[in-house]
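Chain order of the listed sequences is A and B.
Okay, so the first sequence: first residue is 1 according to our numbering, each after it adds one.
Okay, so the second sequence: first residue is 154 according to our numbering, each after it adds one.
Glycine is no exception: its CB is placed at the ideal position from the N, C-alpha and C atoms.
Each remark here refers to the structure printed beneath this line.
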Amino acid sequence: MGEEIKVIVFKLGTEEYGIEVDKVQTIERMMPITRVPKTYAFVKGVINLRGVVIPVIDLRGRFGLAEVEPTDQTRIIIVAVSDMQVGFIVDSASDVIDLNTDDIDSPPEVVGGIKAKYLRGVARVGEERLLVMLNLSEVLNKSEIIQLEGLED
Amino acid sequence: MDMNQYLTMFIDESNDHLQSLNENMLQLENNPDDLGIVQVIFRSAHTLKGMAATMGFEDLASLTHQMENVLDLVRNEKLTMQDYIFDTLFKSLDALESMVQDITSGGDGKSDVSSIVAALQSIVRGENPAQQAQTGEGQGADQGSASQPGITLDEFQYSVLEQSISEGHKVLYIQVTLREDCQLKAVRAYMVFEALERSGEIVKTHPDVQDIEQGEFDRVFSLYYITQREAADIESQILGVSEIETAQVVSLDHETLQQMVQQAAAALETVKPEAQQPAAAASAPSAPESKSTPAAAKEAKAPARSGGANPSRTIRVDIERLDVLMNLFSELLIDRVRLEQLASEAQNQELTDTVEHMSRVSSDLQNIVLKLRMVPVDTVFNRFPRMVRDLAKTLDKKIDLIITGADTELDRTVIDEIGDPLVHLLRNSADHGIEPVADRIAAGKPETGTVHLRAFHSGNNVFIEIEDDGRGIYREKILQNALKKGVVTESEAESMSDEEVHQLLFAPGFSTAEKISDVSGRGVGLDVVKSKIVSLGGNVTIYSTPGKGTNFSVQLPLTLSIIAAMLIKMGSEKYAIPLSSIVETAVIKRGHVKNVHGSRMVHFRDSMIPIISLSKVFEVPDFDDEQEEETEIVVIRKGDRLAALAIDDFIGQSEIVIKNLGKYLPAIQGISGATILGDGQVALIIDANAFIK
């Protein structure tokens, strides 16, 4: 038997993604972001979250998807993984659902243009919905980013 | 019994005592005949022994016990201090230190000290076999009852009494004689004490409280007493106790107190040569220190508490609490700036007044909070005399370390980090700077080399200088070496200024020492020193005159958390530049910017300095200084070099709280951190040092 987990559901384009609730600190509306020069292109800058300066990355940019202008649906999901706090800009954050870890299947090679290594798996919710579970520590893995950037240069 | 709650206290106090032992031993080495220092050392060792025994650290206790034996002989002039005794004692101190460290890191403080103990014992035996039995009793001798009149006071007790007199309390000298047929001496004495403690404080008794309470005294005992009541009152109160023959109560003022103390000391002097009671001297000064006599300890401390006698009373606070306080205060500061902004927008006089008042209060509060985190550099410096002494011995050189400005204060975080770099620089001076004795004589210098360690304030910075009068730095030697190692090319070498050549010493993998020694010269180090200091927001500069000496000057920021900064605008973006790196601000005409060798320079106060376009470096989207007819510039400094940053506009000066950018982002060239402005937005802090190569 797998365990029951709670998952925050957010959208990038038409796909729905999930992050375990205990990794999420808060979800914020879009707020002013201070640009940080000379860093990765997908790092949008830093925000002031109640006195703490937190870097914000555009999750679309991180996954190599086309970036879009923010709307009133746009949210910043603040996650905390291994002492790091980072904000993810997502198209919208809609739902919290319960999930059994047994329902998570290992991911196919590429989902919506995102490499499998960033994914923990794909969960089937109800009849129609598919939820892509993110592997946060890989998404925030910096050594891999450095390689990526190195290729681009 | 659960000792855990006392353990941290034990560790703190042990470290204090070890430190004072080290310091005093060094002093003693310079004046081996000063018995006053021996007394102080003895007391520290004795206290340490008592604490260790109480806490059950037997090895620690037995080693201190042996040290005490040696010191006891010295103190009683049965043994003169000699080099090998110093060495053995220093070795013992090292062993003690490592044991305390072991305890600190959770160990049981056990260590094989038998060889040192044997060495100490042989000193005791070898020098004075006749006294061995006597000193062997060690602490036992302390308890011995002495019968000479008068009470010797230690400095602390004396100052307590002095202060009490000054503050208008009555200080009484009381001598109580029991009746000859008194059966229960201890009980009567106890009753007298009880009666006295109801209306005052007993500072010191003779014999010791412990001895009196065990009845180990003749018919007479005497004491110093602080009270508000009349002498006659006290006298009748004592006589109210049964079986008291007489109670002699003398009220003391400054003069008579001094006389009494002198008499007591003189009496002690006359007793000592007879050597009948060598322990008498010990019993008086060491008793109040001893933790095993809680009564005595309490009496010694109580008046200090009530009379406010000790001017620098301190409490130990967990550093984490101070960090929390600092963080909370930072939050407050951000809100303050925000309030100031709102008040100026609202244009409500009462609101403005209140906010202004709050601003004043909070800047006072800020000073205090920052001060709380300030620690005198002495806490780092205090281990250096010992280190330099050992270094000099190893290197067979003669070195005097002269410390000035040890009371200069620095932020706790800086203090914690600065120790190792300083150790390295001192070792460097001792090893490479100061020449061997023969060379010094040949060069016509005094055979003892001098290393100055100075700390002082200057503006928002603290400078720590390590200056030796040694051989200095020879440009050619460095350049030869640098060429050999491929750090510079020959054409570069020729055009380098002395300052630039000196900076080569900090290049990674660079070492000029011709032979590699134990002490320094492995080619790692100076570059680590430099990067450590830079990471603290500081800088190192070398001034050297060949043949005369070298000065390493370390510049450090006063604090790491709140700084004064100039806020500037770049289009819609705001940045902060620390005031400490700004020389001045100006406005220049575009036509004044010249192209020199492909880099843009600008005339500034009789010299040409490079001008850097901040908008280009930071790729600012909505501002470009090239488009402007007149450009605002900020002239920044790193060491002796200047550069100008072209910016859009000045906003003003402000106190900012430094925040880091979070762990996710890698280090960004030119940005040292971020701060939160009054409007809640984040502004990046510019690291001016990064713009000057």
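Contact with chain A is found for Gly815/B, since one of that chain's Cβ atoms lies less than 8 Å from the residue's Cβ.
Gly558/B and Ser268/B have their C-alpha atoms roughly 40 Å apart. DSSP, reduced to helix, strand and coil, places Leu563/B within a strand of the structure shown. A Cβ-Cβ contact shorter than 8 Å links Phe705/B with Leu578/B. Against chain A, a Cβ distance below 7 Å from Val835/B picks out Thr34, Val46, Ile47, Asn48 and Val53.
Per DSSP, Asp622/B is not a residue of any beta strand (DSSP E), being assigned neither H nor E.
Between the region 819-837 of chain B and the region 484-495 of chain B, the count of C-beta pairs closer than 8 Å reaches three or more; the two stretches touch. Of all residues in the region 764-789 of chain B, those with a C-beta nearer than 7 Å to a C-beta of chain A are Phe771 and Glu772, reading in chain order. The C-beta of Thr14/A has fewer than 16 other C-beta atoms within 10 Å across all chains shown, which makes the residue exposed. For the region 710-727 of chain B, the residues whose beta carbon sits under 9 Å from a beta carbon of chain A are, in order, Glu726 and Lys727. Under the DSSP definition of a beta bridge, Met723/B partners with Glu726/B. According to DSSP, Val508/B shares a beta bridge with no other residue. In the three-state reduction of the DSSP assignment, His745/B falls in the helix class, which pools H, G and I. The beta carbons of Arg624/B and Gly586/B sit about 7 Å from each other, so the pair counts as a contact at 8 Å.
Residues are counted here when their Cβ sits less than 7 Å from a Cβ of chain A; for the region 484-495 of chain B these are Glu484 and Ile487, given in chain order. According to the DSSP assignment, Asn634/B belongs to the alpha helix (DSSP H) that extends over Arg628 to Lys637.
Between Glu781/B and Leu486/B, the C-beta gap is not smaller than 8 Å, which leaves the two residues out of contact. The C-beta separation of Gln316/B from Leu273/B comes to about 39 Å, leaving the pair out of contact by the 8 Å criterion. Between the region 36-50 of chain A and the region 122-137 of chain A, the count of C-beta pairs closer than 8 Å stays below three; the two stretches do not touch. Taking a Cβ-Cβ cut-off of 9 Å, Met133/A has no neighbours in chain B, whose nearest Cβ is about 21 Å from it.
Interface residue (Cβ-Cβ distance to chain A less than 8 Å): Lys812/B is classified as such.
Neighbourhood of Ile829/B in chain A, by CB distance below 8 Å: Asn48, Gly51 and Val53, in chain order.
Chain order gives the chain B residues near Val43/A as Tyr817 and Leu818, where near means a beta carbon separation below 9 Å. Within 7 Å of the CB of Gln822/B, the CB atoms of chain A belong to Lys38, in sequence order along the chain. Counting C-beta atoms within 10 angstroms of its own C-beta, Asp165/B has fewer than 16 neighbours from the protein chains shown and is therefore classed as exposed. Using a CB distance below 8 Å, the part of the region 61-94 of chain A facing chain B consists of Asp83, Met84, Gln85 and Val86, ordered along the chain. By DSSP's assignment, Lys791/B forms a beta bridge with Arg794/B.
Rounded to the nearest angstrom, the gap between the Cα atoms of Ala739/B and Val749/B is 21 Å. Between Ala93/A and Phe42/A, the CB-CB gap reaches or exceeds 8 Å. Residue ranges of uninterrupted beta strand (DSSP E) with 3 or more members, entirely inside the region 811-835 of chain B and ordered along the chain, are 824-829. For Ser245/B, the CB contacts under 7 Å within the same chain, skipping 5 residues up- and downstream, are Leu216, Met220, Ile269 and Leu273 in chain order. Nearest CB-CB separation between Leu140/A and chain B: below the 8 Å threshold. Closest option to Ile845/B, judged by alpha-carbon separation, among Gln235/B, Asp778/B, Gly815/B and Pro763/B: Pro763/B.
Annotation: the continuous beta strand (DSSP E) that includes Pro55/A extends over Val52 to Asp58. Here Gly189/B is exposed: its Cβ has fewer than 16 other Cβ atoms, across all protein chains shown, within 10 Å.
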